[in-house]
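First the structure, in the form of structure tokens, and then the observations on it.
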Amino acid sequence: MLYIFDMGNVIINIDFNRALQVWSELSKIPTATVRRKILN
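Under the numbering used here, the first residue of the sequence shown is numbered -5, with each subsequent residue one higher.
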């Protein structure tokens, strides 16, 4: 099994704002709260 971790947009370009918005919608937690918990 192969796992690839791309933490710096080296392989793919990740739109973190969009990812945070999706996580917010899935978790039913406001985007600002998710952003604060993930990025700080």
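Note that beta-carbon positions come from the ideal geometry of N, C-alpha and C, so glycine has one too.
Just so you know, these numbers come straight off a predicted model, no measurement behind them.
Reducing DSSP to helix, strand and coil, say where LYS22 ends up. Here residue 22 refers to the residue found at position 28 of the sequence shown. Residue state, collapsed to three classes: coil.
Identify, in the order they occur along the chain, each residue of the same chain with its Cβ nearer than 8 Å to the Cβ of SER21, setting aside the five sequence neighbours on each side. Numbered from its first residue, the sequence shown carries residue 21 at position 27. For SER21, where only same-chain residues beyond five positions count, the Cβ hits under 8 Å are VAL28.
Spatial neighbours of ILE5 within its chain, please: CB distance less than 7 Å, with the 5 preceding and 5 following residues excluded, ordered by chain position. One-based indexing of the sequence shown puts residue 5 at position 11. The residues are ILE(-2).
Once DSSP output is grouped into helix, strand and coil, what is the label at LEU(-4)? For the purposes of this step, residue -4 is identified with residue 2 of the sequence shown, where counting begins at 1. DSSP places LEU(-4) in coil when its eight states are reduced to three.
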